[in-house]
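Q:
Protein chains: 2
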Amino acid sequence: MARGDRSALPGGTAMLVLALLQEREMYGYEIIEELEKRSDQVFQMKEGTLYPVLHSLEKEKLVTARDQEAPSGRKRRYYRVTAAGLQALEAKKEEWQVYARAVTAILTNA
Amino acid sequence: MARGDRSALPGGTAMLVLALLQEREMYGYEIIEELEKRSDQVFQMKEGTLYPVLHSLEKEKLVTARDQEAPSGRKRRYYRVTAAGLQALEAKKEEWQVYARAVTAILTNA
DNA sequence: ATAATATACCTAGATAATCTAGGTATAAGG
DNA sequence: CCTTATACCTAGATTATCTAGGTATATTAT
């Protein structure tokens, strides 16, 4: 549909991830669970989707990562959103709203 | 994200097309112009996206097509939504709303 | 004890939607 | 006459996501 950055649009995994991290740092597995819970089971993101997204967000410096052991003993990789990440989030949210408004305009047409 | 029919979701070209055809029959080029106009320039669907979608909608019997010459003399192919198409539209709209609500829930989180 | 499930990370290759970039042909406008 | 707009089309590239694996440790059930 030629609207530039498709990654900010539905299917916009990055936007959802950044939105969660805005609140607090989280590790991958936790992100999947939170998305599922907060979306009332609508989002069931696959690991094969999330982990590559996290890696590319890290490469773009929109998040930083650190390893930490859980009390249980399992290793977790926590992600924290950067200032650039917050900026990117705002841009993606705006794009989402433009897109959602446009869809609504078509669906509630004459 | 594993929600079954990805085609009903943003990027859901088929839903937008069916929504327009609900109103009246249209030809391909017209659909592109209408989407652009009604979305306030947000949707700028490419011909390479639309025509294949129209062909697959026709194969699925969600639309029917007929050729008609314009007063200008150019040949146009008009598409009309079928009863099955209207049903599909309702399903896609419902899916869209579930999806949009879920996104909103994440974006307006705690 | 041990088997199964849940947690936690990862990647390679397949699938599917959309775009790019062409092609054809006619009509209208400069 | 030449360019732009209209109007249709398709093949191949791109990209997001999924499938389907793999590894390893912790918890729960049998």
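Chains as they are written, first to last, in the numbering used here: chain E, 2 to 111; chain W, 2 to 111. Even for Gly, the Cβ is constructed at its ideal location relative to N, Cα and C.
1) Looking only at its own chain, which residues have a Cβ that is under 7 Å from the Cβ of GLY29 of chain E, when we skip the five neighbours before and after it?
2) Taking Cβ positions only, does ALA20 of chain W come closer than 8 Å to chain E?
3) Residues of the region 25 to 48 of chain W with a CB closer than 8 Å to any CB of chain E: list them in chain order, please.
4) Tell me the residue span of the alpha helix (DSSP H) that contains LYS60 of chain E.
5) Residue range of the beta strand (DSSP E) that ALA69 of chain E falls in?
6) Can you tell me the Cβ-Cβ gap for TYR100 of chain E and VAL43 of chain W, rounded? I've got them flagged as a contact below 8 Å.
7) Three-state secondary structure (DSSP) at VAL82 of chain W?
8) Per DSSP, what are the beta-bridge partners of TYR28 of chain W in this structure?
9) Starting from the C-beta of THR83 of chain E, find all residues in its chain whose C-beta is less than 8 Å away, skip the five residues before and the five after it, and write them out in chain order.
10) Can you give me the C-alpha to C-alpha distance between GLY86 of chain W and GLN23 of chain W, rounded to a whole angstrom?
11) At 9 Å on the CB atoms, spell out the chain W contacts of ALA15 of chain E, in chain order.
12) Buried or exposed for THR14 of chain E, going by 16 or more other Cβ atoms inside 10 Å?
13) Just mark LEU17 of chain E as buried or exposed, buried being the case when its beta carbon has 16 or more other beta carbons within 10 Å.
14) Quick one: list the residues of chain W neighbouring GLY60 of chain E, beta-carbon separation under 8 Å, in chain order.
15) Measure the alpha-carbon distance for ASN110 of chain E versus ASP68 of chain W and round it to whole angstroms.
16) Verify the CB distance criterion: does ALA89 of chain E have a CB-CB separation below 8 Å to chain W?
17) Using a 10 Å radius around the Cβ and a threshold of 16 neighbouring Cβ atoms, would you call GLU91 of chain W buried or exposed?
18) Please list, in chain order, the chain W residues whose beta carbon lies closer than 9 Å to that of ALA106 of chain E.
19) Determine the direct distance from the alpha carbon of GLN88 of chain W to that of LEU19 of chain E, and round the result to whole angstroms.
20) Report the rounded CA-to-CA distance for GLU34 of chain E versus SER40 of chain E, giving the unit in angstroms.
21) Is LEU103 of chain E close to chain W? Criterion is C-beta to C-beta, closer than 8 Å.
22) Residues of chain E with a CB under 8 Å from the CB of LYS94 of chain W: which are they?
23) Is it the case that the Cβ atoms of MET46 of chain E and LEU58 of chain E are separated by a distance below 8 Å?
A: Taking the geometry as given:
1) Cβ neighbours of GLY29 of chain E beyond the five flanking positions: LEU51, TYR52, LEU55, ARG78.
2) At least one chain E Cβ lies under 8 Å of ALA20 of chain W.
3) When C-beta distances to chain E are compared with 8 Å, the residues of the region 25 to 48 of chain W below that value are LEU36, ARG39, SER40, ASP41, VAL43, PHE44, GLN45, MET46, LYS47, in chain order.
4) Where LYS60 of chain E is concerned, the enclosing alpha helix (DSSP H) stretches over 48 to 60.
5) The sequence shown places Gln at residue 69 of chain E, not Ala. Unbroken beta strand (DSSP E) run through GLN69 of chain E: 64 to 70.
6) The beta-carbon distance between TYR100 of chain E and VAL43 of chain W, rounded to whole angstroms, is 7 Å. This is short enough to meet the 8 Å contact definition.
7) Residue state, collapsed to three classes: strand.
8) DSSP lists W:TYR79 as partners of TYR28 of chain W.
9) Excluding sequence positions up to five before and after THR83 of chain E, its CB lies within less than 8 Å of the CB of LYS62, LEU63, VAL64, THR65, all in the same chain and listed in chain order.
10) Between GLY86 of chain W and GLN23 of chain W, the C-alpha separation is close to 9 Å.
11) ALA15 of chain E does not reach chain W, its nearest Cβ partner there being about 12 Å away, counting only Cβ pairs nearer than 9 Å.
12) Around the beta carbon of THR14 of chain E, a 10 Å sphere encloses 16 or more other beta carbons of the protein chains shown; the residue is thus reported as buried.
13) That one is buried.
14) The sequence given here places Lys at residue 60 of chain E; Gly does not occur at that position. In chain W, no part has a C-beta under 8 Å from the C-beta of LYS60 of chain E; the shortest such distance is about 22 Å.
15) Near 26 Å, if we compare the C-alpha coordinates of ASP68 of chain W and ASN110 of chain E.
16) For ALA89 of chain E, not one C-beta of chain W is nearer than 8 Å to its own C-beta.
17) The residue is exposed, with fewer than 16 neighbouring Cβ atoms inside 10 Å.
18) Result: ARG39, SER40, ASP41, VAL43.
19) Computed Cα separation, rounded: 36 Å.
20) Answer to the nearest angstrom: the Cα atoms are 10 Å apart.
21) The residue you asked about is not Leu; residue 103 of chain E is Ala in the sequence shown. Yes, its Cβ sits closer than 8 Å to a Cβ of chain W.
22) Within chain E, the residues near LYS94 of chain W are LEU108.
23) Result no, Cβ atoms of MET46 of chain E and LEU58 of chain E do not sit closer than 8 Å.
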